[in-house]
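For the sequence shown, the numbering used here puts the final residue at 979, and the numbers step up evenly by one. Working notes, structure below.
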Amino acid sequence: MRYTVIFQPSGKKAYTDGQHSILQISQEAGVPIESLCGGKGICGKCRVVVENGNEKLPPPTEREIKTLGELINRGYRLACETIPACNIILRVPEESRIDRQVILTTAKCVSAKLDPVIKNIYIEVPQPTLDNPMADSERLLTALKGDHGFHNILIDSMVIRKLPHIIREYNGRVTVTIWDNREILDIASGINDNLYGIAFDIGTTTIVAYLMDLLKGKELSVKAAMNPQVAYGDNVVSRISYCAENPDGLEKLRSALLRCMNTLIEEVCEDAGIKPKQVLESTVVGNTVMHHIFLGLDPQYIALAPYCPVIQSPMQIKARDVYLEISPSAYVHILPVKAGFVGGDTVGVIIATEPHRRDHITLVIDLGTNGEIVLGNRNRLLCCSTAAGPAFEGGHIKWGMRATSGAVESVRVDPETLNVELKTIDNRPPLGICGSGLISAVSELKRADVIMKKGNFNPEISSPRLREGQDGPEFVLAWAKETGIRSDLVITQQDVAELQLAKAAIHAGITILMRRMGLTSIDRILLAGAFGTYINPEDACVIGLIPDCLSANIESVGNAAGAGSCLALLNKNKWKEAERIAQKMDYVELSADPEFNELFVEGMFFKSRHTQVSTPEE
362 MRYTVIFQPS
372 GKKAYTDGQH
382 SILQISQEAG
392 VPIESLCGGK
402 GICGKCRVVV
412 ENGNEKLPPP
422 TEREIKTLGE
432 LINRGYRLAC
442 ETIPACNIIL
452 RVPEESRIDR
462 QVILTTAKCV
472 SAKLDPVIKN
482 IYIEVPQPTL
492 DNPMADSERL
502 LTALKGDHGF
512 HNILIDSMVI
522 RKLPHIIREY
532 NGRVTVTIWD
542 NREILDIASG
552 INDNLYGIAF
562 DIGTTTIVAY
572 LMDLLKGKEL
582 SVKAAMNPQV
592 AYGDNVVSRI
602 SYCAENPDGL
612 EKLRSALLRC
622 MNTLIEEVCE
632 DAGIKPKQVL
642 ESTVVGNTVM
652 HHIFLGLDPQ
662 YIALAPYCPV
672 IQSPMQIKAR
682 DVYLEISPSA
692 YVHILPVKAG
702 FVGGDTVGVI
712 IATEPHRRDH
722 ITLVIDLGTN
732 GEIVLGNRNR
742 LLCCSTAAGP
752 AFEGGHIKWG
762 MRATSGAVES
772 VRVDPETLNV
782 ELKTIDNRPP
792 LGICGSGLIS
802 AVSELKRADV
812 IMKKGNFNPE
822 ISSPRLREGQ
832 DGPEFVLAWA
842 KETGIRSDLV
852 ITQQDVAELQ
862 LAKAAIHAGI
872 TILMRRMGLT
882 SIDRILLAGA
892 FGTYINPEDA
902 CVIGLIPDCL
912 SANIESVGNA
922 AGAGSCLALL
932 NKNKWKEAER
942 IAQKMDYVEL
952 SADPEFNELF
962 VEGMFFKSRH
972 TQVSTPEE
């Protein structure tokens, strides 16, 4: 029996045999529905409204009743819990749609000398004669050897295929593109003064592509997109689970990733007025799980002690072998990973910010579902990764959401009246609260003494905004009439607890690295990534996210991982530097540190006093 499922407002029609959940049906149909936990029924974000056929569905599960509460009476169901064996019409409410996230593409980073691994060389190849009918490829290599001193040069097989036509078009006058003085990647008639490369930053949530002019060192176009794998889970652990639990899971995730990357290639090339086949070099950075999925490597053992990746060293691989739709002869250079949860993106951040070249102590924090932390200077670098949980990206928060249009990104609370001012992305009526908004809200409530040291709401506060809710105490940030969700937007006691868990893990990780280095203070703190860019450093200190930050300069450096990928594209020496960084840097496994649990508990508390931080501008 086949049943019809119609998704509104898109009008997309899908079909089911009555054995699959609404979430699974939406994934197969390409209808993006928020699912931070990957369909495990934990996050409660995959809410849909059944507009027709609700009476034919199985009754709500206990998990739905607990998660949705009174919303069930308004037709809400959890897409991951509901298996339709009937024809239904659904509406995906705005708060459940995966909209285009605010994606950070810019960064503050060092500059690099322009020295790409590929270069163009113009040569004149003698024409064959009856007296000397030397093969086309031999004449080409002889001309390169005689005029430019190249020995033992290889020719890519795709170049050989077009060689006889190109070499005769202008009587042997050609431009060859050579990779690392070792291999001819392309040949063009006459003089060719164009050379293009593309750098990728593959994040768990977002993917960014940078098209670069390798002759001028100029950025030609930047495009970004949500990583389509978010439909299968918001974090790397959920995607590892998806690969392990589904025979075709790895291939599904990889195919979705490659479709997105190839679409971005088309977009940046169209923007610059060139063809994708003209791109002759690429670099890729990403966390270890994204690295493995891109290469088609099974990531499941990364999640199991001792958390070993399949490969750590850098790789050069042909674009055609990874199905990247640039020139098939091009090489894709993949930066090394350090450990199971410290990947090439962290190495890229280090390349871009250069703590390993400085005398003063620098702390670099890249926050997300995992927090990658690097501490040190030219003498020593330590790194670790801590499972911060999804709170920084809106996960496990009652009205949490990603940083998309309508998300609350900052909060101000009047300490006297407790009146609230909200700032949302695109200035829309609030639909939910993203990570930076959550930190802002909790820090403001801490300043106003609404939240106490242990994270509990102050019982002595008398205000209609502080009330007993369905899930316990909660604070109203916006009343239903002020929101775009027709419900009061609240911060619950459980939301505060989720933030405490996230910040405690980061706090403990930083403290352990400081103790390993014998440090009591830090000279400079760099916050990398979109989350680090949009949070207020003072708010981060108020909640105790960063220990002992009072004397340090705090600076947001933007998408430093993407900048590192670009630097490796523009200068081949950055490849070797990346490899040296990965080898030299010491990795600390926090789960094996006897102090971690104690420091984690200590980090759960909020500071009892207000803090003030300095920034480079001050």
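Quick reminder that beta carbons are idealized off the backbone N, C-alpha and C, glycines included.
Contacting residues, own chain, Cβ-Cβ under 8 Å from residue i (five flanking each side not counted)
| i | result |
| --- | --- |
| residue 396 | 384, 404, 406, 407, 440, 441, 591, 592, 593, 594 and 595 |
| residue 986 | Because the chain spans 362 through 979 in this model, residue 986 falls outside it and cannot be assessed. |
| residue 618 | 563, 568, 588, 589, 590, 651, 654 and 655 |
Same chain, Cβ closer than 6 Å to residue i, neighbours up to 5 away in sequence not counted
| i | result |
| --- | --- |
| residue 723 | 716 and 885 |
| residue 707 | 733 |
| residue 576 | 556 |
| residue 943 | 697, 699 and 708 |
| residue 658 | 671 |
| residue 961 | 865 and 869 |
Close-in-space but distant-in-sequence residues of the same chain around residue i (CB under 7 Å, 5 per side omitted)
| i | result |
| --- | --- |
| residue 457 | 394, 395, 406, 407, 408 and 409 |
| residue 848 | 841 |
| residue 874 | 734, 736, 743, 745 and 949 |
| residue 935 | 473, 712, 928 and 929 |
| residue 978 | Its pLDDT being 49, under 50, residue 978 is placed unreliably in this model, and the coordinates cannot settle the point. |
| residue 446 | 364 and 379 |
| residue 786 | 463, 764, 765, 766, 767, 768 and 770 |
| residue 963 | none |
Residue i burial status per 10 Å Cβ neighbour count (16 or more: buried)
| i | result |
| --- | --- |
| residue 528 | buried |
| residue 438 | buried |
| residue 370 | exposed |
| residue 475 | exposed |
| residue 388 | buried |
| residue 573 | buried |
| residue 579 | exposed |
| residue 971 | In this prediction, residue 971 scores a pLDDT of 47, lower than 50, which makes its location untrustworthy; the coordinate-derived value is nonetheless stated afterwards. The residue in question, residue 971, is exposed, as its Cβ has fewer than 16 Cβ neighbours within 10 Å. |
| residue 488 | exposed |
| residue 584 | buried |
| residue 882 | exposed |
| residue 327 | Nothing about residue 327 can be read from this structure; the chain reaches only from 362 to 979. |
| residue 872 | buried |
| residue 667 | exposed |
| residue 477 | buried |
| residue 500 | buried |
| residue 795 | buried |
| residue 376 | exposed |
| residue 688 | buried |
One or two residues paired with residue i in a DSSP bridge
| i | result |
| --- | --- |
| residue 745 | 734 |
| residue 717 | Residue 717 pairs with nothing; no bridge assigned. |
| residue 538 | 481 and 547 |
| residue 676 | 695 |
| residue 642 | 692 |
| residue 340 | This structure cannot speak to residue 340, because the chain is shown only from 362 to 979. |
| residue 947 | 743 |
| residue 958 | None, per the DSSP bridge assignment. |
Three-state secondary structure assigned by DSSP to residue i
| i | result |
| --- | --- |
| residue 419 | coil |
| residue 890 | helix |
| residue 855 | helix |
| residue 375 | strand |
| residue 601 | helix |
| residue 573 | strand |
| residue 488 | coil |
| residue 914 | strand |
| residue 761 | strand |
| residue 516 | strand |
| residue 511 | coil |
| residue 923 | helix |
| residue 900 | helix |
| residue 616 | helix |
| residue 651 | helix |
| residue 430 | helix |
| residue 683 | coil |
| residue 668 | coil |
| residue 895 | helix |
| residue 786 | helix |
Cutoff 8 Å: residue i Cβ touching any chain B Cβ
| i | result |
| --- | --- |
| residue 489 | Reference to chain B is not applicable here, since this structure consists of a single protein chain. |
Any non-hydrogen atom of the ligand PLP closer than 7 Å to residue i Cβ
| i | result |
| --- | --- |
| residue 532 | No copy of the ligand PLP appears in this structure; indeed no ligand is present at all. |
Open item on the list: Below 8 Å, how does it come out for the segment 944 to 952 and the segment 913 to 929: are there three or more Cβ pairs, yes or no?
Closed with: no
Open item on the list: Three Cβ pairs or more, each shorter than 8 Å: is that satisfied between the segment 857 to 868 and the segment 888 to 899?
Closed with: no
Open item on the list: Does the segment 537 to 557 come into contact with the segment 602 to 610, if we say contact requires no fewer than three beta-carbon pairs (one atom in each stretch) closer than 8 Å?
Closed with: no
TODO: Would you check if the segment 753 to 763 and the segment 853 to 865 touch, i.e. whether three or more CB-CB distances between them fall below 8 Å?
DONE: yes
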